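Here the structure is laid out as structure tokens; the discussion comes afterwards.
Protein chains: 2
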Amino acid sequence: MLNFTVGPVMSNPDIIEIANHSTPYFRTPEFSEIMLENESMILEMLHAPAGSRCVFLTSSGTGAMESMVMNILNDKDKIIVINGGSFGHRFVELCELHKREHTQVKCEFGHQIKRRQLDGLEDYTAMLVNMHETSSGVLYDMNMISEFCRKNNIQLFVDAISAFLADELDMEGLRAAAVITGSQKALAVQPGIAVMALAPEALKRIEENKEVCMYLSLKQALKNGERGQTPFTPAVTTLLQIHKRLKEILSQGGVFEERRMIASTAENFRSSIKDLPFEFVAESPSNAVTALHPINVRATEIVKILKNEYGIWACPNGGDKADEIFRIGHIGYITKEDNNKLIDALHNMNRRGLL
Amino acid sequence: MLNFTVGPVMSNPDIIEIANHSTPYFRTPEFSEIMLENESMILEMLHAPAGSRCVFLTSSGTGAMESMVMNILNDKDKIIVINGGSFGHRFVELCELHKREHTQVKCEFGHQIKRRQLDGLEDYTAMLVNMHETSSGVLYDMNMISEFCRKNNIQLFVDAISAFLADELDMEGLRAAAVITGSQKALAVQPGIAVMALAPEALKRIEENKEVCMYLSLKQALKNGERGQTPFTPAVTTLLQIHKRLKEILSQGGVFEERRMIASTAENFRSSIKDLPFEFVAESPSNAVTALHPINVRATEIVKILKNEYGIWACPNGGDKADEIFRIGHIGYITKEDNNKLIDALHNMNRRGLL
Chain A
602 MLNFTVGPVM SNPDIIEIAN HSTPYFRTPE FSEIMLENES MILEMLHAPA
652 GSRCVFLTSS GTGAMESMVM NILNDKDKII VINGGSFGHR FVELCELHKR
702 EHTQVKCEFG HQIKRRQLDG LEDYTAMLVN MHETSSGVLY DMNMISEFCR
752 KNNIQLFVDA ISAFLADELD MEGLRAAAVI TGSQKALAVQ PGIAVMALAP
802 EALKRIEENK EVCMYLSLKQ ALKNGERGQT PFTPAVTTLL QIHKRLKEIL
852 SQGGVFEERR MIASTAENFR SSIKDLPFEF VAESPSNAVT ALHPINVRAT
902 EIVKILKNEY GIWACPNGGD KADEIFRIGH IGYITKEDNN KLIDALHNMN
952 RRGLL
Chain B
602 MLNFTVGPVM SNPDIIEIAN HSTPYFRTPE FSEIMLENES MILEMLHAPA
652 GSRCVFLTSS GTGAMESMVM NILNDKDKII VINGGSFGHR FVELCELHKR
702 EHTQVKCEFG HQIKRRQLDG LEDYTAMLVN MHETSSGVLY DMNMISEFCR
752 KNNIQLFVDA ISAFLADELD MEGLRAAAVI TGSQKALAVQ PGIAVMALAP
802 EALKRIEENK EVCMYLSLKQ ALKNGERGQT PFTPAVTTLL QIHKRLKEIL
852 SQGGVFEERR MIASTAENFR SSIKDLPFEF VAESPSNAVT ALHPINVRAT
902 EIVKILKNEY GIWACPNGGD KADEIFRIGH IGYITKEDNN KLIDALHNMN
952 RRGLL
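Protein sequences, first through last, are from chains A and B.
Here the first sequence is numbered in this note's numbering, starting from 602 and rising by one per residue.
Here the second sequence is numbered in this note's numbering, starting from 602 and rising by one per residue.
Quick look at the structure:
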């Protein structure tokens, strides 16, 4: 099967090979060294400010989103949540669950946020944003958001789970207090690890806040991370894969080159299906994914035919969007030939009258 | 390296091979089918009562322990915590963090619990016990504990993280409301997944309790599990490995045969090192692990020499026990030859005057 979902995605055979062994014991200086290198490579790739730290949680991205809401924010915060799809909605639910005072800035599905939507929110203390709202494919205008936050002394918390490596992301440039990503997106290894980079402002907040949850504790993750360890048994194999993958990225032109490749895969796909009966959902798409609305047929039907007749996984949308929208991911180990197979499959479906 | 720690442990090459591929997309009927089979195989192996369910969390065992304390217990409970080592202590910390009324029954490190230690606790509502306290190697007298709980209408919650498959465990027989295990113990696959089996009493409690944490929510895990899915992206590869491993166990004599093999590995090791200058730490050891106190030298030194000179990982103890005690695990893919290599290495060290 060719996998064009937005995660888990296809991995480079070199990286997969790491998992083709028994998981090594990890309370060792060798593993600590690897973890310390993981931390510094991630911080370098994010261009994190001096004094930043990075932790690795054995969880999905949602675990890290919740950890952020529990451990970095507190009940004195007034939080702006940008909500333009499923993942924005998840931040809202997390704020509700943890009784964090918040207001939603609702963005129409697939639409860019406008500066005027933030008017009147200048006295807030924090903002949660899914830089790339993976459900619609929209990449938010992070420069505008960052400028607003900086001007009003609002701490910016960025879910870059599917944006990391795919879209431009400069933690210091954005003055982001924390940034999240996950192992199964553009890092393109097994799912199971969420990564959180923390600028000094976030570290200070973590230190001052009281513990809410042991398993998702950032205090404990940071403390154990000082010696390259985790408080509890982590997904060791996935962390070893991350290590090899980060080294490869850095040795092959770094984040810039990685992003260029993803952008080129996305551009190649988008320009090759322009004549097909699809509407592009996102007005400012991330490089990571293209969300498509089929004009004539149900999206679920396309996903099913691609899977059963072409050996291709496309990414269905969930909930009430399932019949309207499907998505094609551009992250992971996708060769030019793979991309052409997908493009050919869609054109073939069109000729068969299936679109 | 030969790995004789208590997790992650060595895996069968057949099972490892599952991870030697890109992780497949998982929101599919095929993956749902696998997950439903995982659930029913675990329940069968635990001899769970009718109406039980099983969920799979992408976390360490501690994530599941905390989920138990958050989601199944509540602030009306009065909880007995058996505390005979690091993992008993962790349950105490979790009760403190989540403000669960509790009392500790302290067991001396390495010692069996006595019936009289439970006197006066008849009016409690729940008990948390690490069936096998992995830090000391003690296997608690579960029949005595179960009888006490049954007689006094106390709900029994069992951490069997390292006991599952290694020691006798009959969920219905014990009348346990919930049982936890983890992927990297006797299941012998990658770390990253915690498994929790829930009897009808626990399911009722989960339904009635309010949500505390989204990521570790059992309500959500149970709801999504009905269709063989998880609320958030799980460690898919590890779940696929679990599937193959459970099928293999069932086709090769089931839990009984698996336990017999682990017990035989443990017995072979224990009887072969009787003449070495070690004291056995646990008065009633689990089959999963042997904790040893070296009489003449520091435990940390033995662990170091085994690693550097013999290519063998033994399991160090943490904290203030590090110099006193080390552990040998008997779970995972350990062949007779592997076991002999370990035994020979220790005898060789003895001849070299290193013990």
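Backbone N, C-alpha and C define an ideal beta-carbon position, used for all residues, glycine too.
None of the values given here were measured: they were computed from a predicted structure.
Item                                                                                                                                                                                    : Value
Taking 8 angstroms as the cut-off, is the CB of residue 632 (chain B) close to at least one heavy atom of the ligand SAH?                                                               : Judged by which ligands are present, the structure shown has none, so any question about the ligand SAH falls away.
Please list the terminal residues of the continuous beta strand (DSSP E) segment that includes residue 756 (chain A).                                                                   : 756–760
Would a C-beta distance cut-off of 9 angstroms place residue 763 (chain A) and residue 686 (chain A) closer than the cut-off?                                                           : no
With a threshold of 8 angstroms, are at least 3 pairs of Cβ atoms found where one atom belongs to the stretch 670–681 of chain A and the other to the stretch 711–729 of chain A?       : yes
Would you mind reading off the limits of the alpha helix (DSSP H) that contains residue 699 (chain A)?                                                                                  : Taken as a continuous stretch (DSSP letters only), residue 699 (chain A) belongs to no alpha helix (DSSP H), as it is neither H nor E.
With a threshold of 16 other CB atoms inside 10 Å of the CB of residue 896 (chain B), please say whether the residue is buried or exposed.                                              : exposed
Quick one: Cα of residue 703 (chain B) to Cα of residue 785 (chain A), how far?                                                                                                         : 40 angstroms
Whose Cβ in chain A lies nearer than 9 angstroms to the Cβ of residue 812 (chain B)?                                                                                                    : 698
Could you compute how far the alpha carbon of residue 945 (chain B) sits from the alpha carbon of residue 843 (chain B)?                                                                : 32 angstroms
Could you pull out every residue in the same chain whose Cβ sits closer than 7 angstroms to the Cβ of residue 667 (chain B), ignoring the five residues on either side in sequence?     : 695, 817
Select from the stretch 655–666 of chain A all residues with a C-beta closer than 8 angstroms to any C-beta belonging to chain B, and list them in chain order.                         : 659, 660, 661, 662, 663, 664
If you draw a straight line from the alpha carbon of residue 614 (chain A) to that of residue 932 (chain A), how long is it in whole angstroms?                                         : 15 angstroms
If you check the beta carbons only, do residue 778 (chain A) and residue 803 (chain A) fall under 9 angstroms apart?                                                                    : yes
Taking 8 angstroms as the limit between beta carbons, can you name the residues of its chain near residue 633 (chain A), skipping five residues before and five after?                  : 828, 829, 830
Let me confirm a value: residue 857 (chain B) is counted as buried when at least 16 other C-beta atoms fall within 10 Å, else exposed. Which label applies?                             : exposed
Excluding five sequence neighbours on each side, which residues of the same chain lie with their C-beta closer than 8 angstroms to the C-beta of residue 771 (chain A)?                 : 647, 648
Can you tell me the Cα-Cα spacing of residue 950 (chain B) and residue 691 (chain A), whole angstroms?                                                                                  : 57 angstroms
Can you list, in chain order, the residues of its chain whose CB lies under 8 angstroms from that of residue 903 (chain A), leaving out five sequence neighbours each side?             : 895, 915, 927, 950, 955, 956
Using a C-beta cutoff of 9 angstroms, does residue 940 (chain B) count as contacting chain A?                                                                                           : no
Would you mind stating whether residue 854 (chain A) and residue 846 (chain A) have Cβ atoms separated by less than 9 angstroms?                                                        : no
Return the CA-CA distance between residue 756 (chain B) and residue 864 (chain B), expressed in angstroms with no decimal places.                                                       : 29 angstroms
Which partner residues does residue 727 (chain B) have in the DSSP bridge list?                                                                                                         : B:680, B:756
Is it the case that the Cβ atoms of residue 716 (chain B) and residue 745 (chain B) are separated by a distance below 9 angstroms?                                                      : yes
In whole angstroms, what is the alpha-carbon distance linking residue 749 (chain A) and residue 740 (chain B)?                                                                          : 59 angstroms
Do you know how far the Cα of residue 899 (chain A) is from the Cα of residue 924 (chain A)?                                                                                            : 5 angstroms
Interface residues of chain A around residue 837 (chain B) at Cβ under 9 angstroms?                                                                                                     : 609, 785, 791, 792, 793
Alpha carbon to alpha carbon, what distance is there between residue 825 (chain B) and residue 631 (chain A)?                                                                           : 38 angstroms
Give me the subset of the stretch 614–630 of chain B whose CB atoms are less than 8 angstroms from a CB atom of chain A, sorted by chain position.                                      : 617, 618, 620, 621, 622, 623, 624, 625, 626, 627, 628, 629
Report all residues from its chain with a CB closer than 8 angstroms to the CB of residue 849 (chain A); omit the five preceding and five following residues, and keep chain order.     : 613, 615, 616
Under DSSP, the beta strand (DSSP E) around residue 891 (chain B) begins and ends at which residues?                                                                                    : 890–895
Determine whether the beta carbon atoms of residue 645 (chain B) and residue 654 (chain B) lie at a separation below 9 angstroms.                                                       : no
Of the residues that make up the stretch 908–927 of chain A, which ones have a beta carbon closer than 7 angstroms to any beta carbon in chain B?                                       : 914, 917
Just grab the DSSP bridge partners of residue 649 (chain A) for me.                                                                                                                     : According to DSSP, which records beta bridges pairwise, residue 649 (chain A) is partnered with nothing at all.
Distance cutoff 9 angstroms, beta carbons only. Does residue 751 (chain B) sit that close to anything in chain A?                                                                       : no
The beta strand (DSSP E) spanning residue 794 (chain B) covers which residue range?                                                                                                     : 794–799
For residue 878 (chain A), count neighbouring C-beta atoms within 10 Å of its own C-beta (all shown protein chains included) and say buried if the count is 16 or more, exposed if not. : exposed
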